[in-house]
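**Q** Before anything else, here's the structure in question.
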Amino acid sequence: MRPFIFCLFLFSFFYPSLHAQKTASINGSVVDEEGRPLIAATVVLLHLPDSSFSSYGLTNDAGKFQLSAKRDSTYLLQISYLGYRAYSKTLLLATDTLLGVVKMEAANTLLDGVEVTAEHLPVQMKGDTLSFNSAAFNVRTHDDVESLLKQLPGLEIDPNGVITMNGKKVTEILVDGKTFFGDNAQAALKNLSADAIKNIDITDTKKNKQGVETTEDEKTIDLKLKESAKTGLIGNVELGYGYTLPPRVVKNLPAELGNHRYKGVVSLNYFNPKFRTTLFGNINNVNESGQIDPVGDMRGASNNLRPGIIRSITSGMNMNIFASEKTELGLTYYYNNSLTTIERNSYRESVLPNNEYIRNSIEQNLSYPQMHFLFASIKHQIDSSQQISFRCRTRYQIGGNKRSINEETLGSNDSLENRLNQAYVSESMRFSIAPSLNYQKEFQKKGRELVVNIASDFTFNNNDSENNSLTELYNDNGVLKVVDTLQQEQIGMGDKQNYNGNITFREPIGTSNKLYFKLLGGIKNEQNGQTAYDIMGQQRIENTAFSDAYWRHYNYQELNITFKRKVEAYQLNIGLGVKRSALEGVVASASSPVIQAFYFPTGNFRFRYYISKSKKITLTYRTRFSEPQLQQLQPIINNQNPLVLRIGNPDLQPEYHHNIRIRLDWWEQLTFTNFYTSLNFNLTQNTIIQAQTFDENLRAIYQPINDGLTYRAGIHFGYNTIFKKLQMKVALRGGASLNQRPLMLNGILTEQLNHDYNASLTLSNKKKKIVDILATAKLVVGNALYANNSELNVSYINHSYAAKVRVTIAKKWNLTSNFEYKIYTNTGYGDAIAVPIWTAGINRTFLKDNVLKIELMGENLLNEALQVNRYNQDGVISEHQSILLGRYVMLKIKYQIKN
Numbered sequence: 017m018r019p020f021i022f023c024l025f026l027f028s029f030f031y032p033s034l035h036a037q038k039t040a041s042i043n044g045s046v047v048d049e050e051g052r053p054l055i056a057a058t059v060v061l062l063h064l065p066d067s068s069f070s071s072y073g074l075t076n077d078a079g080k081f082q083l084s085a086k087r088d089s090t091y092l093l094q095i096s097y098l099g100y101r102a103y104s105k106t107l108l109l110a111t112d113t114l115l116g117v118v119k120m121e122a123a124n125t126l127l128d129g130v131e132v133t134a135e136h137l138p139v140q141m142k143g144d145t146l147s148f149n150s151a152a153f154n155v156r157t158h159d160d161v162e163s164l165l166k167q168l169p170g171l172e173i174d175p176n177g178v179i180t181m182n183g184k185k186v187t188e189i190l191v192d193g194k195t196f197f198g199d200n201a202q203a204a205l206k207n208l209s210a211d212a213i214k215n216i217d218i219t220d221t222k223k224n225k226q227g228v229e230t231t232e233d234e235k236t237i238d239l240k241l242k243e244s245a246k247t248g249l250i251g252n253v254e255l256g257y258g259y260t261l262p263p264r265v266v267k268n269l270p271a272e273l274g275n276h277r278y279k280g281v282v283s284l285n286y287f288n289p290k291f292r293t294t295l296f297g298n299i300n301n302v303n304e305s306g307q308i309d310p311v312g313d314m315r316g317a318s319n320n321l322r323p324g325i326i327r328s329i330t331s332g333m334n335m336n337i338f339a340s341e342k343t344e345l346g347l348t349y350y351y352n353n354s355l356t357t358i359e360r361n362s363y364r365e366s367v368l369p370n371n372e373y374i375r376n377s378i379e380q381n382l383s384y385p386q387m388h389f390l391f392a393s394i395k396h397q398i399d400s401s402q403q404i405s406f407r408c409r410t411r412y413q414i415g416g417n418k419r420s421i422n423e424e425t426l427g428s429n430d431s432l433e434n435r436l437n438q439a440y441v442s443e444s445m446r447f448s449i450a451p452s453l454n455y456q457k458e459f460q461k462k463g464r465e466l467v468v469n470i471a472s473d474f475t476f477n478n479n480d481s482e483n484n485s486l487t488e489l490y491n492d493n494g495v496l497k498v499v500d501t502l503q504q505e506q507i508g509m510g511d512k513q514n515y516n517g518n519i520t521f522r523e524p525i526g527t528s529n530k531l532y533f534k535l536l537g538g539i540k541n542e543q544n545g546q547t548a549y550d551i552m553g554q555q556r557i558e559n560t561a562f563s564d565a566y567w568r569h570y571n572y573q574e575l576n577i578t579f580k581r582k583v584e585a586y587q588l589n590i591g592l593g594v595k596r597s598a599l600e601g602v603v604a605s606a607s608s609p610v611i612q613a614f615y616f617p618t619g620n621f622r623f624r625y626y627i628s629k630s631k632k633i634t635l636t637y638r639t640r641f642s643e644p645q646l647q648q649l650q651p652i653i654n655n656q657n658p659l660v661l662r663i664g665n666p667d668l669q670p671e672y673h674h675n676i677r678i679r680l681d682w683w684e685q686l687t688f689t690n691f692y693t694s695l696n697f698n699l700t701q702n703t704i705i706q707a708q709t710f711d712e713n714l715r716a717i718y719q720p721i722n723d724g725l726t727y728r729a730g731i732h733f734g735y736n737t738i739f740k741k742l743q744m745k746v747a748l749r750g751g752a753s754l755n756q757r758p759l760m761l762n763g764i765l766t767e768q769l770n771h772d773y774n775a776s777l778t779l780s781n782k783k784k785k786i787v788d789i790l791a792t793a794k795l796v797v798g799n800a801l802y803a804n805n806s807e808l809n810v811s812y813i814n815h816s817y818a819a820k821v822r823v824t825i826a827k828k829w830n831l832t833s834n835f836e837y838k839i840y841t842n843t844g845y846g847d848a849i850a851v852p853i854w855t856a857g858i859n860r861t862f863l864k865d866n867v868l869k870i871e872l873m874g875e876n877l878l879n880e881a882l883q884v885n886r887y888n889q890d891g892v893i894s895e896h897q898s899i900l901l902g903r904y905v906m907l908k909i910k911y912q913i914k915n
């Protein structure tokens, strides 16, 4: 715990001792003309004479507020509430002050009540929308939107780009109320400058992208542009060059992945009321990647923490054309070319009945995928009650992979059981197109609505591979007894056609109730085939044991009826339904098809009780079932690793899930404090598990089967607040989970129980003009217990600490330092591993508005080489150690284009 204590000592003592000021508080309450408390009224202290933001907050459920600011200074206190005249008072904050009750007067006009003070409202509640003014936060010229959002109370962005607000996932990001970059929410974070944003509006997501009301707690962020950014060109251009120190020597490494480091970025955005376009390009070999996955999400800039060495070429464009007030067109094109090399050492310890084995491997992997992605959409408002939209995603990907593996397996007495030396090469092509149509109709009766969705998905893929391997098998005394040489070419082909649709009809019953009827169905046809040839000199002889084909036809129909009631005190949803699924599978080598049909009852229940305006408790129950994937069904043997064969099971049945969740949300506007906790329980019937079978030389065969029940339970909590006197933002996360899952090991059914615990604490200063500090500590404790042999139980502890610091010197100079320290300990196996990663840099800005930035930075200055991943699942304890990019120094120049 010493690093954690040291980290907190630096943050909580050293920083406040330099920057904390003697403060005084001001307290009061806000009521309307009849003496009723005004909830979420905005209270602001503006420092005089420059009217800069000093402190701000919202009134709580009792109408009370509390602010802190520097003592012996003069301030302008402003209180505002939608529909009321603004209240102002000049005061000298010499000591703690009790202002008493402030009675607000109703405004004659909306303009009188709001717009006069709009520029000085750092945060405001507008109905159910929480609106933040970017001027209240420290925004620097070269910050992107992601840097701005991270300063908002309660908002978090994890390393994978997932955004949450008070523990609720952000599912959509809009720009001025319009979609940006197709469905790619992350693009707005990376391609827009923070200083182009005027307001950040955060609301509950009312409808999903199919136009149906959401039942989950999700958030939408709407980025409101400044007037200067709504018309014209904004963007940035960045160039960088560096070198690896000391130079690394890696065999068979392409020149693009050598010791020279480079980076080039162009991002240009043009806006006007009728047209938006974005052009971007990125070329680098410093492990920054901007890939878009099939649903359009972009994953942003990871660097030294991404394993291997990656050369990435990315380019693309986005256009939004607002042809009229009723018609909007969108087009996104994206190209990515990645060249990646990864060196990885793996350790696996498998638990067998009355036996154990340890498998060690060394792997070198080179991959070179290229991908074209095209997304087109059109939205049209037919009239005031009808709208229709068409969307189409197209993806074309080609590439290959070269992999070499050296692997050996030791038995229970550390005796050598087998050894593998393999070279595997593959080339692949994949093409997919997915059009969809959405229609929404609102009827004359208020609340009556019809939503229709029709979608399809067509995928074609080919994969050619060559497997050259030498397998050595040993007897119990470690003496070589069999040498198996494999030189095999495999040609795989597959295609998929998927058609689905749903109709949702909403009928209001009175003013508080609604009835929903939903009918959905779909058809999926899939085909997967493989032909294997053994290569013997100049001959190619078909190997029938590894050649086969599988066809699957799957269709389903489901009918749901849901009753919803919403009143001031609570919300209630009750839904019942039935689902039918039918599967027909045909194996080319089998004499008869596999035909299955199932009927499942489905249901959902959701009750939300409002303890107060800012406190609520929610109870949810739902059922669902999941069909087996094609790879789990097809009986085609996968022998990419001759020591680990995998084969599907055409007789698999769907899993049936039941989930219960209870969640408490508590928000205290007075201190911007949010607390949430949830308790979850999930039961899975007909669990699909991997049956593991091992021969006398510990060669494994994995095949999925249905057997037993799976239980999962967990409790999670989150706490966010701002310590106003220290001007510190605090985020605390934690949780515990239990997971009991059946295992099939050599024909014996057993169970594995995992119970895991995690906690994290993040501290950051609120005022970032001169110093910006963020410190994080994380702890993960895991345990795996086996039903039949307690001696095989495993426990492990991983903990990490991180600190990010930026200091501005004389306005133009900035010093930055990022340090991350990860410690992997395990009481069951292996040694403790500590990995410190340190990055530091210095930069200076030039020209008017600081639009030019020159930076000298050093990445991974301690030249740590490892990334470690450890996990315990299905009776296998695994550890993977991957080689990181290594230390390099780079000089970067960045220029921002402004209107």
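Just so you know, our numbering puts 83 at position 67 of the sequence shown, and the rest follows in order with no gaps.
Even glycine gets a Cβ: it sits at the ideal position worked out from N, Cα and C.
Give the DSSP bridge partners of Val186, in chain order.
**A** Translated into the one-based positions of the sequence shown, residue 186 becomes position 170. Its beta-bridge partners are Lys235.
**Q** Per DSSP, what are the beta-bridge partners of Asn696 in this structure?
**A** Looking up residue 696 in the sequence shown gives position 680. Asn696 is bridged to Arg677, Gly730.
**Q** If we ignore side chains and look at the alpha-carbon of each, how far apart do Gln438 and Asp550 end up?
**A** The residue given as residue 438 occupies position 422 in the sequence shown. The residue given as residue 550 occupies position 534 in the sequence shown. Computed Cα separation, rounded: 15 Å.
**Q** Is Phe562 helix, strand or coil by DSSP?
**A** What you label residue 562 is simply residue 546 of the sequence shown in a count that begins at 1. Phe562: helix per DSSP, three-state reduction.
**Q** Given this structure, state the Cα-to-Cα distance separating Ser377 from Tyr351, to the nearest angstrom.
**A** As a first step, residue 377 is located in the sequence shown; it is residue number 361 there, counting from the start. As a first step, residue 351 is located in the sequence shown; it is residue number 335 there, counting from the start. Answer to the nearest angstrom: the Cα atoms are 34 Å apart.
**Q** What does the alpha-carbon distance come out to for the pair Arg757 and Met552?
**A** Indexing the sequence shown from 1 puts residue 757 at position 741. Indexing the sequence shown from 1 puts residue 552 at position 536. Straight-line Cα distance between these residues: approximately 45 Å.
**Q** Who are Val191's beta bridge partners in DSSP?
**A** Translated into positions along the sequence shown, residue 191 becomes position 175. Lys194, Leu239, per the DSSP bridge assignment.
**Q** My guess is that Leu765 and Gly724 are in contact by the Cβ rule of under 8 Å, so how many angstroms apart are they, rounded?
**A** Within the sequence shown, numbered from 1, the residue matching residue 765 stands at position 749. Within the sequence shown, numbered from 1, the residue matching residue 724 stands at position 708. Sure, about 7 Å apart at Cβ, within 8 Å.
**Q** For Lys184 versus Lys908, is the C-beta spacing smaller than 8 Å?
**A** Taking the first residue of the sequence shown as position 1, residue 184 is located at position 168. Taking the first residue of the sequence shown as position 1, residue 908 is located at position 892. For Lys184 and Lys908, no; Cβs fall outside 8 Å.
**Q** Suppose you measure from the CA of Phe338 to the CA of Ala57; what does that come to, to the nearest Å?
**A** As a working mapping, residue 338 is identified with position 322 in the sequence shown. As a working mapping, residue 57 is identified with position 41 in the sequence shown. Each residue's alpha carbon lies about 36 Å from the other.
**Q** Quick one: give me the first and last residue of the alpha helix (DSSP H) that Glu162 is part of.
**A** Within the sequence shown, the letter at position 146 stands for residue 162. Per DSSP, Glu162 belongs to the alpha helix (DSSP H) from 161–165.
**Q** So is Trp829 buried or exposed if we call it buried at 16+ other beta carbons inside 10 Å?
**A** For the purposes of this step, residue 829 is identified with residue 813 of the sequence shown, where counting begins at 1. Burial call: exposed.
**Q** I think Leu355 touches Glu304, with their Cβ atoms under 8 Å apart; what is that distance to the nearest whole Å?
**A** Counting from 1 along the sequence shown, the entry for residue 355 is found at position 339. Counting from 1 along the sequence shown, the entry for residue 304 is found at position 288. Their Cβ separation, rounded to whole angstroms, is 13 Å, which puts Leu355 and Glu304 out of contact at 8 Å.
**Q** Count the other C-beta atoms from every protein chain shown that fall within 10 angstroms of the C-beta of Ala78, then say buried if there are 16 or more, exposed otherwise.
**A** For this step, residue 78 is matched to residue 62 along the sequence shown. Under this definition Ala78 is an exposed residue.
**Q** What are the boundary residues of the beta strand (DSSP E) that includes Leu453?
**A** Within the sequence shown, residue 453 is the residue found at index 437, counting from 1. Here the beta strand (DSSP E) through Leu453 covers 432–458.
**Q** Does the stretch 701–719 come close enough to the stretch 646–660 that 3 or more CB-CB pairs lie under 8 Å?
**A** Cβ pair count under 8 Å is three or more, so yes.
**Q** Just to confirm, are Val281 and Asn301 a CB contact at a threshold of 8 Å?
**A** Counting from one through the sequence shown, the residue named residue 281 turns up at place 265. Counting from one through the sequence shown, the residue named residue 301 turns up at place 285. In this structure, Asn301 does not lie closer than 8 Å to Val281 by Cβ.
**Q** Please say whether Asn149 and Val139 have beta carbons closer to each other than 8 Å?
**A** Here residue 139 is taken as the residue at index 123 of the sequence shown, counted from 1. Here residue 149 is taken as the residue at index 133 of the sequence shown, counted from 1. Closer than 8 Å, so yes.
**Q** Quick check on Val186: buried or exposed, where buried means 16 or more other Cβ atoms within 10 Å of its Cβ?
**A** The residue you call residue 186 lines up with position 170 of the sequence shown. It counts as buried.
**Q** So, using beta-carbon positions, are Asn736 and Gly170 closer together than 8 Å?
**A** Along the sequence shown, read from residue 1 onward, the residue named residue 736 stands at position 720. Along the sequence shown, read from residue 1 onward, the residue named residue 170 stands at position 154. Contact flag set, yes.
**Q** Suppose the cutoff is 6 Å on Cβ atoms and the five residues either side in sequence are ignored; what does the same chain contact list for Tyr637 look like?
**A** Here residue 637 refers to the residue found at position 621 when the sequence shown is read from its first residue. Answer for Tyr637: Phe621, Ile676, listed in chain order.
**Q** Tell me whether Gln506 sits in a helix, a strand or coil according to DSSP, three-state version.
**A** Working through the sequence shown from its first residue, we reach residue 506 at position 490. In this structure, Gln506 counts as strand in the three-state DSSP scheme.
**Q** How far does the beta strand (DSSP E) with Leu872 in it extend, from its first residue to its last?
**A** In the sequence shown, residue 872 corresponds to position 856, counting from 1. 868–875 is the extent of the beta strand (DSSP E) around Leu872.
**Q** Starting from Leu646, trace the alpha helix (DSSP H) both ways and give me its first and last residue.
**A** The residue given as residue 646 occupies position 630 in the sequence shown. Per DSSP, Leu646 belongs to the alpha helix (DSSP H) from 646–649.
**Q** If I measure Cβ to Cβ from Gly874 and keep anything under 6 Å in the same chain, skipping five residues before and after, which residues do I get?
**A** Mapped onto the sequence shown, residue 874 falls at position 858. The residues are Ala856, Val905.
**Q** Please state the DSSP three-state secondary structure of Leu206.
**A** Along the sequence shown, read from residue 1 onward, the residue named residue 206 stands at position 190. This sequence places Lys at residue 206; Leu is not what is there. Three-state result, Lys206: helix.
**Q** Tell me where the beta strand (DSSP E) around His158 begins and ends.
**A** On the sequence shown, position 142 is the one that residue 158 refers to. Looking at the DSSP string, His158 is not in any beta strand (DSSP E), and its letter there is neither H nor E.
**Q** Pro720: buried (16+ other C-beta within 10 angstroms of its C-beta) or exposed?
**A** Taking the sequence shown and counting its residues from 1, the one referred to as residue 720 is at position 704. The residue in question, Pro720, is buried, as its Cβ has 16 or more Cβ neighbours within 10 Å.
**Q** What are the start and end residues of the beta strand (DSSP E) that includes Met120?
**A** Against the sequence shown, residue 120 aligns to sequence position 104. Careful: Met120 lies outside any beta strand (DSSP E) and carries neither H nor E.
**Q** Which residue wins for smallest C-alpha separation from Thr689, given the options Gly734, Ala450, Gly730, Pro524?
**A** Residue mapping note: residue 689 aligns to position 673 of the sequence shown, counting from 1. Here the closest residue by C-alpha is Gly734.
**Q** Where do the N-terminal and C-terminal ends of the beta strand (DSSP E) with Lys1 fall, by residue?
**A** The structure shown has nothing for residue 1, since the chain only spans 17 to 915.
**Q** Arg624 lies in the beta strand (DSSP E); which residues open and close that run?
**A** Here residue 624 corresponds to residue number 608 of the sequence shown, with the count starting at 1. Element bounds for Arg624: 610–628.
**Q** Leaving out the 5 sequence neighbours to the left and right, which residues in its chain are closer than 6 Å to Ser331 when beta-carbon positions are compared?
**A** Counting from 1 along the sequence shown, the entry for residue 331 is found at position 315. Excluding sequence neighbours, Ser331 sits near Gly297, Tyr351.
**Q** What is the rounded straight-line gap between the Cα of Asn915 and the Cα of Ile404?
**A** On the sequence shown, position 899 is the one that residue 915 refers to. On the sequence shown, position 388 is the one that residue 404 refers to. Distance between the alpha carbons of Asn915 and Ile404 is about 35 Å.
**Q** So, helix, strand or coil for Leu777, using DSSP?
**A** As a working note, residue 777 is residue 761 in the sequence shown. Three-state result, Leu777: strand.
**Q** Check whether the Cβ atoms of Asn876 and Gly902 lie closer than 8 Å to each other.
**A** Translated into positions along the sequence shown, residue 876 becomes position 860. Translated into positions along the sequence shown, residue 902 becomes position 886. Cβ atoms of Asn876 and Gly902: closer than 8 Å.
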